[in-house]
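Q: One structure is given below, represented as structure tokens, and several questions about it will come after.
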Amino acid sequence: MLARRFSNKNSSSHESWGQRIASPSFRDPLTGLPDRSNFIGQIGEALWRSRRDANYNFAVVALDVRRLKAFNGTFGYNAGDQLLMAVARRLSGIFIGSAELARIGGDKYAILAETGALREAAREFAERVRDVFAAPFDIYERSIAVEFTFGVALGSSAYSHADDVLACAEMATDEAKASRSGIAIFDDTRYAKAKDRLLLETELHSALDHNELTVYYQPLVSLTTGKITGVEALVRWLHPERGIIPPSEFIPIAEATGFITSIDEFVLRTASAQLRQWQERSATDLHMAVNLSRRDLEHGVARRMVAEALKSSGISPESLEVEVTESLAMSDALASITALRELKDDGVSIAMDDFGTGYSSLGALAGLPINTVKIDRSFISSIEADARVKCIVQSIVEMAHTLGLRVIAEGLETQEQLGFLKSIGCDEAQGYLFSSPVPADKIAGLLGCP
Ligand code: C2E
Ligand code: MG
Ligand code: MG
372 MLARRFSNKN SSSHESWGQR IASPSFRDPL TGLPDRSNFI GQIGEALWRS
422 RRDANYNFAV VALDVRRLKA FNGTFGYNAG DQLLMAVARR LSGIFIGSAE
472 LARIGGDKYA ILAETGALRE AAREFAERVR DVFAAPFDIY ERSIAVEFTF
522 GVALGSSAYS HADDVLACAE MATDEAKASR SGIAIFDDTR YAKAKDRLLL
572 ETELHSALDH NELTVYYQPL VSLTTGKITG VEALVRWLHP ERGIIPPSEF
622 IPIAEATGFI TSIDEFVLRT ASAQLRQWQE RSATDLHMAV NLSRRDLEHG
672 VARRMVAEAL KSSGISPESL EVEVTESLAM SDALASITAL RELKDDGVSI
722 AMDDFGTGYS SLGALAGLPI NTVKIDRSFI SSIEADARVK CIVQSIVEMA
772 HTLGLRVIAE GLETQEQLGF LKSIGCDEAQ GYLFSSPVPA DKIAGLLGCP
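Residues in the sequence shown are numbered consecutively from 372, following this note's numbering.
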């Protein structure tokens with residue numbers, strides 16, 4: 372099919388490649404070609420058709436006239452207009468009815484054509500167009516060579532909007548500037564990822580209002596008494612279509628957009644109110660650990676958020692611990708450390724989460740306003756396999772104790788790990804061996820609350 376369309380490969384006589392069918396109503400006044408909005412409508416139809424007909428594949432090629440400004444500067448604006456019209460004529464001449472054409476911007480044109488399903492087919496198509504445009508243009512009886520770049524987007528079910536297809540083809544024209552062939556094909560997996568993230572980001576903003584965020588709790592168990600001393604609040608997103616989305620998937624997005632502060636505020640409020648209920652129902656000594664993001668501390672909102680949660684729930688500051696990650700505490704962010712110190716002054720405990728994953732030395736712990744060190748899961752899971760890890764974990768426990776800090780082991784999964792941690796005097800542990808994070812009502816059962 373492609374071979375037939377491009378049978379006259381280096382033709383500069385611009386032999387027609389079919390019969391024109393579409394007669395769009397919105398046209399560019401200079402060239403008479405359909406304009407951008409019209410073209411997007413055509414892409415929409417092509418997307419619709421490709422979803423219904425597995426044999427229909429299309430590509431959009433964006434064509435960029437390079438250095439039009441310089442051309443105008445050298446030859447004058449009238450010559451520039453002549454060139455733009457000549458480009459349109461050349462396009463119309465070769466694609467009569469076999470493709471949709473448009474002028475989508477000052478120096479930009481686009482072609483929508485049926486192609487093979489593969490990238491190679493689309494590339495071949497673009498190469499043929501490029502070869503036709505390699506021939507110089509006759510402007511005011513001068514033969515002038517003009518450079519073009521070609522960006523290709525394959526019509527794919529990944530695209531949810533027609534204008535995205537065009538935008539991706541245009542993005543590829545920028546990439547094409549750096550390529551020797553003058554052609555770049557947009558990688559639609561990039562689009563799919565970017566789009567998915569964008570969608571998740573949008574949905575995340577309404578997730579709070581739609582009550583889709585909820586808090587699970589994971590027990591922290593004393594290794595001396597075997598009793599539950601506290602719980603860590605861990606947020607979950609109960610997405611109506613995707614099911615439970617773990618924090619690893621949406622916390623980074625929330626961090627990037629700043630929405631994390633609203634999430635943390637919600638978790639803090641919910642967890643504090645929950646703790647109050649459990650404390651009232653006999654678990655008087657239970658404490659609650661809540662994760663805070665670097666962003667909360669940076670913007671000075673942590674202290675206000677914590678104060679409000681304490682006030683509205685009525686729990687004491689001593690029963691609340693905030694967890695911050697090691698990288699945060701070690702990033703020498705003075706504002707963060709000041710914020711932690713303020714919280715500590717208010718009576719709240721501070722735990723350094725995921726200890727060992729960053730670059731902190733044990734010595735650096737001494738200068739930080741913290742009460743607790745949580746040894747990262749990656750160490751605990753390697754205890755059995757690697758004798759050196761045992762030594763490291765033992766050193767962390769000893770050093771932390773020397774500094775008067777409490778030590779919690781994260782990610783405890785086996786009896787062997789438990790035996791070792793007990794033998795070196797680790798204070799508490801948290802992990803699937805005891806319980807995975809669970810909804811509040813399950814914790815009530817574990818606590819023996821009525
Ligand atoms: P984290 O604070 O270090 O929480 C511990 C993570 O380890 C949790 O993952 C927990 O489910 C998991 N875990 C606990 N025990 C085990 C075990 O035995 N084996 C294994 N393989 N995993 C275990 P989760 O709930 O997916 O949370 C991941 C991270 O997301 C948390 O790590 C925390 O950094 C962050 N996060 C969770 N909730 C919040 C929140 O409300 N606010 C903020 N800012 N971050 C949160
Ligand atoms: Mg944590
Ligand atoms: Mg952790």
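From the three backbone atoms N, C-alpha and C, an ideal C-beta is built for every residue, glycine too.
Being a predicted model, the structure only gives us computed values, none of them experimental.
Can you give the beta carbon distance from Leu571 to Ile624, rounded, assuming they're within the 8 Å contact cut?
A: If you number the sequence shown from 1, residue 571 lands on position 200. If you number the sequence shown from 1, residue 624 lands on position 253. Yes, they are in contact, since the Cβ atoms of Leu571 and Ile624 sit about 6 Å apart, within 8 Å.
Q: Terminal residues of the continuous alpha helix (DSSP H) containing Ile475?
A: Working through the sequence shown from its first residue, we reach residue 475 at position 104. Where Ile475 is concerned, there is no enclosing alpha helix (DSSP H), although the beta strand (DSSP E) it sits in stretches over Ala470 to Gly476.
Q: Just to check my reading of the structure: Leu851 and Phe410 have Cβ atoms closer than 8 Å, yes? What is that Cβ distance to the nearest angstrom?
A: As displayed, the chain neither begins before 372 nor continues past 821, which places residue 851 out of reach and without an answer.
Q: Tell me whether Ala811 sits in a helix, a strand or coil according to DSSP, three-state version.
A: Stepping through the sequence shown from its first residue, residue 811 is reached at position 440. Residue state, collapsed to three classes: helix.
Q: Could you check which residue in Glu636, Gln589 and Gly597 has the C-alpha nearest to that of Pro808?
A: In the sequence shown, the residue the question calls residue 808 occupies position 437. For the residues Glu636, Gln589 and Gly597, the minimum Cα distance to Pro808 belongs to Gln589.
Q: Residues in the same chain with beta-carbon distance under 7 Å from Gln765, minus the five sequence neighbours each way, listed in chain order, please.
A: To locate residue 765, count along the sequence shown from 1; it is residue 394. Excluding sequence neighbours, Gln765 sits near Ile795.
Q: Can you tell me which of the three DSSP states Leu338 falls into?
A: Because residue 338 is not part of the residues shown, which for the chain are 372 to 821, the question remains open.
Q: Cutting at 6 Å between CB atoms, please list the residues of its own chain near Asp656, excluding the five before and the five after it.
A: Working through the sequence shown from its first residue, we reach residue 656 at position 285. Cβ neighbours of Asp656 beyond the five flanking positions: none.
Q: Can you name, in chain order, every residue of its own chain whose Cβ lies under 8 Å from the Cβ of Phe726, other than the five neighbours on each side?
A: One-based indexing of the sequence shown puts residue 726 at position 355. Here the set comprises Glu697, Val744, Lys745, Ile746, Asp747 and Ile767.
Q: Count the other C-beta atoms from every protein chain shown that fall within 10 angstroms of the C-beta of Arg561, then say buried if there are 16 or more, exposed otherwise.
A: The residue you call residue 561 lines up with position 190 of the sequence shown. Result: exposed.
Q: Among Asp580, Leu462, Asp452 and Phe496, which one has its Cα closest to the Cα of Ile510?
A: Counting from 1 along the sequence shown, the entry for residue 510 is found at position 139. For the residues Asp580, Leu462, Asp452 and Phe496, the minimum Cα distance to Ile510 belongs to Asp452.
Q: Beta carbon of Glu662: closer than 7 Å to some heavy atom of ligand 2?
A: In the sequence shown, the residue the question calls residue 662 occupies position 291. Just to set this straight, residue 662 is Asn in the shown sequence, not Glu. Answer for Asn662: yes, Cβ within range of ligand 2.
Q: Return the chain-ordered list of same chain residues with a C-beta closer than 7 Å to the C-beta of Glu689, the five sequence neighbours on each side being excluded.
A: Against the sequence shown, residue 689 aligns to sequence position 318. Within the same chain, Glu689 has close Cβ partners Gly718.
Q: Say yes only if the C-beta of Glu692 is nearer than 7 Å to one or more non-hydrogen atoms of ligand 2, and no if none qualify.
A: Position 321 of the sequence shown, counted from the first residue, corresponds to residue 692. No, the Cβ of Glu692 stays beyond 7 Å of every heavy atom of ligand 2.
Q: Can you check which of these residues, Glu799, Val695 and Phe466, is closest to Ala673 by C-alpha distance?
A: Counted from its first residue, the sequence shown places residue 673 at position 302. Cα-wise, what sits closest to Ala673 is Val695.
Q: Three or more beta-carbon pairs under 8 Å between the region 420-440 and the region 474-482, yes or no?
A: Segments in contact, yes.
Q: If we require 3 or more residues per run, which beta strand (DSSP E) segments fall completely within the region 639-679?
A: Runs found: 658-662.
Q: Buried or exposed for Cys762, please, with buried defined as at least 16 other CB atoms from any protein chain shown within 10 angstroms of its CB.
A: Position 391 of the sequence shown, counted from the first residue, corresponds to residue 762. Flag for Cys762 reads exposed.
Q: Identify whether Phe621 lies in helix, strand or coil by the three-state DSSP scheme.
A: Numbered from 1 along the sequence shown, position 250 holds the residue referred to as residue 621. The answer is helix: DSSP assigns Phe621 an H, G or I state.
Q: Ile467: beta carbon under 7 Å from a heavy atom of ligand 4?
A: The model depicted lacks ligand 4 and carries ligand 1, ligand 2 and ligand 3 instead.
Q: Can you tell me where the alpha helix (DSSP H) holding Val693 begins and where it ends?
A: Locating residue 693 in the sequence shown gives position 322, where the first residue counts as 1. Careful: Val693 lies outside any alpha helix (DSSP H), inside the beta strand (DSSP E) at Leu691 to Thr696.
Q: Among residues of its own chain, excluding the 5 on either side of Ser806, which ones have a beta-carbon nearer than 6 Å to its beta-carbon?
A: Along the sequence shown, read from residue 1 onward, the residue named residue 806 stands at position 435. Closer than 6 Å at the Cβ level, and outside the excluded window around Ser806, lie Pro590.
Q: Is Thr402 helix, strand or coil by DSSP?
A: Numbered from its first residue, the sequence shown carries residue 402 at position 31. Looking at Thr402 - three-state DSSP - the assignment turns out to be coil, as it is neither helix nor strand.
Q: Taking the alpha-carbon of Arg640 as reference, which of Arg423, Leu418, Gly614 and Ala678 has the nearest alpha-carbon?
A: The count along the sequence shown starts at 1 and reaches residue 640 at position 269. The candidate whose alpha carbon is nearest that of Arg640 is Ala678.
Q: Can you confirm whether the region 511-519 touches the region 484-497 when touching is taken to mean that 3 or more C-beta pairs between the two stretches lie within less than 8 Å?
A: Result no; under three Cβ-Cβ pairs closer than 8 Å.
Q: Tell me the rounded alpha-carbon separation between Ala811 and Ala756.
A: By one-based count along the sequence shown, residue 811 stands at place 440. By one-based count along the sequence shown, residue 756 stands at place 385. If you take the alpha carbons of Ala811 and Ala756, they lie about 35 Å apart.
Q: Please classify Gln786 as buried or exposed, where buried requires at least 16 neighbouring CB atoms within 10 angstroms.
A: In the sequence shown, residue 786 corresponds to position 415, counting from 1. Burial call: exposed.
Q: Count Cβ pairs between the region 575-584 and the region 626-634 that sit closer than 8 Å; are there 3 or more?
A: Yes, the region 575-584 is in contact with the region 626-634.
Q: Answer yes or no: the CB of Glu781 versus the heavy atoms of ligand 3, is any distance below 7 Å?
A: For the purposes of this step, residue 781 is taken as the residue at position 410 of the sequence shown. Yes, ligand 3 has a heavy atom inside 7 Å of this Cβ.
Q: Pull the bridge partners of Gly601 from the DSSP assignment, please.
A: The residue given as residue 601 occupies position 230 in the sequence shown. Bridge partners of Gly601: Leu591 and His658.
Q: Which residues in the same chain have their Cβ closer than 7 Å to the Cβ of Phe508, if we skip the five residues on either side of it in sequence?
A: Along the sequence shown, one-based indexing puts residue 508 at 137. These residues qualify, in order along the chain: Leu454, Ala457, Ile515 and Val517.
Q: Are there 16 or more other CB atoms within 10 angstroms of the CB of Glu541, so buried, or fewer, so exposed?
A: Residue 541 sits at position 170 when you count from the first residue of the sequence shown. Classification for Glu541: buried.
Q: With hydrogens ignored, establish whether the beta-carbon of Asp667 is closer than 7 Å to any heavy atom of ligand 2.
A: The sequence position of residue 667 within the sequence shown is 296, counting from 1. False, no ligand heavy atom lies under 7 Å from that Cβ.
Q: Does the Cβ-Cβ distance between Pro405 and Ala506 come in under 8 Å?
A: Start at 1 with the first residue of the sequence shown, and residue 405 comes out as number 34. Start at 1 with the first residue of the sequence shown, and residue 506 comes out as number 135. Taking 8 Å as the Cβ cut-off, Pro405 and Ala506 do not qualify as a contacting pair.
Q: If you run the structure through DSSP and keep just helix, strand and coil, what is Lys479?
A: Indexing the sequence shown from 1 puts residue 479 at position 108. Note: Lys479 maps to strand in three-state DSSP.
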